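Colleague: After the structure tokens below, expect a handful of questions from me.
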Amino acid sequence: MKHIAVIGNRAVTSPDFSLNDLPGSAGRIDILCRCVNSAFLLSHGIRKDVILYLILRGAGDPPKIITLDGRYLKHLNPDERSTGALLKIALKKGLGLKDGEMQRSTPGITVRRGDLRDLIKDGNFDPVIYLHEASRDIRKMREAIKEWLEKTPLFVLGDHIGVSREDEEFLDELDAIRVSLGPRPLHADHCITILLNEIDRIELDYA
């Protein structure tokens, strides 16, 4: 399985937002919706070997982690609005959760109270990889990636705001591996597309 965590710095943690205004009413949760689509949607199917963690820190009831597991996902469509509806349902299910509590939502989706530290502490990930443009090029790490994929890798990236200094210090404490997807800063959903494409090429031995 490939595990991917996206930090939504301002993504709301309450279901009280409009599906007709995801960028304005929900703390740019539209970015996370696009990340969901990039993580799972293929031309004619869904990736079954990806688990995506959305870390929401915005207004309402922070922090929350919404987990989407490709093995069990249903009702996932390409448009942001329907994906936003799935996240809205999860947040409604997650109202009032205490630390460590988890609630099931629609198929393949769960919600829990927690943040990046909680996710990594509980997840037994190895290695943890921080996606950052000022790092070593992923295309020069083919053999290392093959080794990672035999374990339980977690890829961490931020939304349009990025990863905070505090989070970077935490990742450095973990000796997280920094990897670059290219020379320019990219949108989070594009990063996920490129990351999974690079992994596809390695797994399928596609030159």
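The numbering used here numbers the first residue of the sequence shown as 645 and each following residue consecutively. Every residue gets a Cβ at the ideal spot worked out from N, C-alpha and C, and that includes glycine. Predicted model only: the values in this text are computed from it and were never measured.
By the three-class DSSP mapping on this structure, what secondary structure does L793 have?
Modeller: It is helical.
Colleague: Just verifying my parser: in three-state terms, what is the DSSP assignment at T711?
Modeller: Correct three-state label for T711: strand.
Colleague: Along the chain, where does the alpha helix (DSSP H) containing L696 start, and where does it finish?
Modeller: Per DSSP, L696 belongs to no alpha helix (DSSP H); it is in the beta strand (DSSP E), 694 to 700.
Colleague: Name the two residues that bound the continuous beta strand (DSSP E) containing K765.
Modeller: Premise fails: K765 lies in the alpha helix (DSSP H), 760 to 767, not in any beta strand (DSSP E).
Colleague: One question on the structure: do N768 and R701 come within less than 7 Å of each other, judged by their Cβ atoms?
Modeller: Taking 7 Å as the Cβ cut-off, N768 and R701 do not qualify as a contacting pair.
Colleague: With a CB to CB cut of under 8 Å and the five nearest residues on each side skipped, what residues in its chain are close to P827?
Modeller: Taken in chain order, the residues that qualify are E777.
Colleague: Once you ignore the five residues that flank D844 on each side, which residues in its own chain have a CB closer than 8 Å to its CB?
Modeller: These residues qualify, in order along the chain: Y850.
Colleague: Tell me where the beta strand (DSSP E) around D781 begins and ends.
Modeller: First-last of the beta strand (DSSP E) with D781: 772 to 781.
Colleague: Which residue comes first and which comes last in the alpha helix (DSSP H) that contains S726?
Modeller: Residues 724 to 737.
Colleague: Could you spell out the range, first to last residue, of the beta strand (DSSP E) harbouring V650?
Modeller: V650 -> beta strand (DSSP E) spans 646 to 652.
Colleague: Looking only at its own chain, which residues have a Cβ that is under 6 Å from the Cβ of K736, when we skip the five neighbours before and after it?
Modeller: Hits under 6 Å: P659.
Colleague: Does the separation of the CB atoms of A670 and V680 fall below 7 Å?
Modeller: Cβ distance not < 7 Å, so A670 and V680 don't count as in contact.
Colleague: I'd like to know whether the C-beta atoms of A683 and L696 end up nearer to each other than 7 Å.
Modeller: Yes. Within cutoff.
Colleague: Can you give the Cα-Cα distance for H831 and G744, rounded to whole angstroms?
Modeller: Their Cα atoms are separated by approximately 31 Å.
Colleague: Since L801 is in the beta strand (DSSP E), which residue starts that stretch and which ends it?
Modeller: Start and end: 798 to 802.
Colleague: Considering only residues of the same chain and omitting the five flanking positions on each side of R691, which have a CB-CB separation below 6 Å?
Modeller: Cβ neighbours of R691 beyond the five flanking positions: F684, G714.
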